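Residue numbers (my numbering): 1033 to 1315.
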């Protein structure tokens, strides 16, 4: 069997096994379900408010946006966090010691992170259908849009997560990545339309994938006339494909280079030093 094919199959099996294991881990389950509960409570209380200039529920408008945010958190931060933790405990070093082990490792992590992100979308969307009106899941067009927005969103964020995870060595430094993302959430129209923001802030938001993920999910799940409250008065599908595609291309170019550099630098002494620092933090 071709070594690369074998690594891909091994990675797929590893991803499925890790996915099964994560749903038997109480800490992982808390990580998955607590943000879902917080989001659903938030949109429940927002359901009585309306999108400015319309009589459409602000809660129903927020849920698709938050699903796009969840894809970014899952794809980018999920993979980055996995890489940082596995580098600290030596898992990456063990994968490096096996022929094509890094490829199998990355495939497994991509399977795990992608599956968790998709499950998160289902967990958040399904309960919302019972108390939010206006979501158009009965429209085949909604499913067609989801069929390209969700995969493109993951392709745009997973390589970036690999880059970040390769550059950040200390799990405690992940906060330096999370805080700017929280700032982008405020600018990207996730919880409220950004039409009232200054033009330069609108421009900043549109540089990053978060805004376009939220817009793409809204275009899939909201009625067509809600496009009137978006920037430009339309769903801008071509622009969504263009920006997310550009981020995907950038990530796919950078990720292999950064990952190879990170793998070359891994050694037993570096792992031991990280463990020593971790023990000092615990102590």
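The beta carbon of each residue, even a glycine, is placed where N, CA and C say it ideally should be. Being a predicted model, the structure only gives us computed values, none of them experimental.
Check: For residue 1135 versus residue 1043, is the C-beta distance shorter than 8 Å?
Finding: The residue labelled residue 1135 in the question sits at position 103 within the chain shown. The residue labelled residue 1043 in the question sits at position 11 within the chain shown. Cβ distance < 8 Å, so residue 1135 and residue 1043 count as in contact.
Margin query: Please report the straight-line C-alpha distance between residue 1205 and residue 1162, rounded to a whole angstrom.
Written below: Residue numbering aside, residue 1205 sits at position 173 when the chain shown is read from its first letter. Residue numbering aside, residue 1162 sits at position 130 when the chain shown is read from its first letter. Taking the straight line from one Cα to the other gives about 39 Å.
Margin query: For the alpha helix (DSSP H) containing residue 1097, name the first residue and the last one.
Written below: Taking the chain shown and counting its residues from 1, the one referred to as residue 1097 is at position 65. Element bounds for residue 1097: 1090 to 1104.
Notebook entry, point to check: Do the stretch 1209 to 1216 and the stretch 1235 to 1247 make contact, defined as three or more Cβ pairs closer than 8 Å?
Noted result: yes
Check: Taking the alpha carbon of residue 1286 as the point to measure from, which residue in 1199, 1142, 1174 has its own alpha carbon closest?
Finding: Numbered from 1 along the chain shown, position 254 holds the residue referred to as residue 1286. Taking only the C-alpha atoms, the option nearest residue 1286 is 1199.
Next item on the list: If I'm right that residue 1193 touches residue 1109 with Cβ under 8 Å, what's the distance once you round it to whole angstroms?
Entry: As a first step, residue 1193 is located in the chain shown; it is residue number 161 there, counting from the start. As a first step, residue 1109 is located in the chain shown; it is residue number 77 there, counting from the start. Sure, about 7 Å apart at Cβ, within 8 Å.
Item checked: Run of the alpha helix (DSSP H) containing residue 1225, from where it starts to where it stops -> What you label residue 1225 is simply residue 193 of the chain shown in a count that begins at 1. No alpha helix (DSSP H) contains residue 1225, which DSSP labels as neither H nor E.
Checklist line | DSSP beta-bridge partners of residue 1082 | finding: As a first step, residue 1082 is located in the chain shown; it is residue number 50 there, counting from the start. Bridge partners of residue 1082: 1089.
Check: Helix or strand or just coil, what does DSSP make of residue 1129?
Finding: Here the question's residue 1129 lines up with position 97 in the chain shown. Three-state DSSP puts residue 1129 in coil, outside helix and strand.
Item checked: Inter-residue spacing [alpha-carbon to alpha-carbon] between residue 1238 and residue 1230 -> By 1-based counting over the chain shown, the position of residue 1238 is 206. By 1-based counting over the chain shown, the position of residue 1230 is 198. Whole-angstrom Cα-Cα distance: 13 Å.
Item checked: Classification of residue 1130 by the beta-carbon crowding that lies within 10 angstroms, buried from 16 upward -> Position 98 of the chain shown, counted from the first residue, corresponds to residue 1130. Answer is exposed; the Cβ neighbour count stays below 16.
Next item on the list: Would you identify the three-state DSSP class for residue 1115, choosing helix, strand or coil?
Entry: For this step, residue 1115 is matched to residue 83 along the chain shown. DSSP places residue 1115 in helix when its eight states are reduced to three.
Check: Is there contact here, the stretch 1271 to 1282 with the stretch 1096 to 1103, by at least three beta-carbon pairs under 8 Å?
Finding: no
Notebook entry, point to check: How many angstroms separate the CA atom of residue 1195 from the CA atom of residue 1086?
Noted result: As a working note, residue 1195 is residue 163 in the chain shown. As a working note, residue 1086 is residue 54 in the chain shown. Computed Cα separation, rounded: 41 Å.
Check: Using the rule of at least 16 other Cβ atoms within 10 Å of the residue's Cβ for burial, across every protein chain shown, is residue 1049 buried or exposed?
Finding: Sequence index remark: in the chain shown, residue 1049 carries index 17 (1-based). Classification for residue 1049: exposed.
Margin query: Given a cut-off of 8 Å on the beta-carbon distance, is the pair residue 1092 and residue 1171 in contact?
Written below: By 1-based counting over the chain shown, the position of residue 1092 is 60. By 1-based counting over the chain shown, the position of residue 1171 is 139. Contact: no.
Item checked: Start and end residues, alpha helix (DSSP H) containing residue 1294 -> The residue given as residue 1294 occupies position 262 in the chain shown. It spans 1269 to 1297 - the alpha helix (DSSP H) in which residue 1294 sits, taken as one unbroken run.
Check: Comparing alpha-carbon positions, which option in 1223, 1222, 1180, 1253 lies nearest residue 1272?
Finding: Counted from its first residue, the chain shown places residue 1272 at position 240. Comparing Cα-Cα distances from residue 1272 to each of 1223, 1222, 1180, 1253, the minimum goes to 1180.
Next item on the list: Following the continuous alpha helix (DSSP H) through residue 1198, name the residue where it begins and the one where it ends.
Entry: The residue you call residue 1198 lines up with position 166 of the chain shown. Residue 1198 -> alpha helix (DSSP H) spans 1172 to 1199.
Next item on the list: From the DSSP output, in three-state form, read off residue 1301 for me.
Entry: As a working note, residue 1301 is residue 269 in the chain shown. The answer is helix: DSSP assigns residue 1301 an H, G or I state.
Margin query: Determine whether the beta carbon atoms of residue 1125 and residue 1197 lie at a separation below 8 Å.
Written below: Here residue 1125 refers to the residue found at position 93 of the chain shown. Here residue 1197 refers to the residue found at position 165 of the chain shown. For residue 1125 and residue 1197, no; Cβs fall outside 8 Å.
Margin query: Is the separation between the beta-carbon of residue 1223 and that of residue 1089 shorter than 8 Å?
Written below: Walking along the chain shown from the start, residue 1223 turns up at place 191. Walking along the chain shown from the start, residue 1089 turns up at place 57. No, the Cβ-Cβ distance between residue 1223 and residue 1089 is not below 8 Å.
Notebook entry, point to check: Going by Cα to Cα distance, which pick from 1257, 1184, 1299, 1225 is closest to residue 1095?
Noted result: In the chain shown, residue 1095 corresponds to position 63, counting from 1. If we check each option's Cα against that of residue 1095, 1225 comes out closest.
Check: Could you give the distance in angstroms between the alpha-carbon of residue 1072 and the alpha-carbon of residue 1299?
Finding: Mapped onto the chain shown, residue 1072 falls at position 40. Mapped onto the chain shown, residue 1299 falls at position 267. Cα-Cα distance, rounded: 44 Å.
Check: Between 1288, 1040, 1246, which lies nearest to residue 1268 when the distance is taken from Cα to Cα?
Finding: Numbered from its first residue, the chain shown carries residue 1268 at position 236. Nearest C-alpha to residue 1268: 1246.
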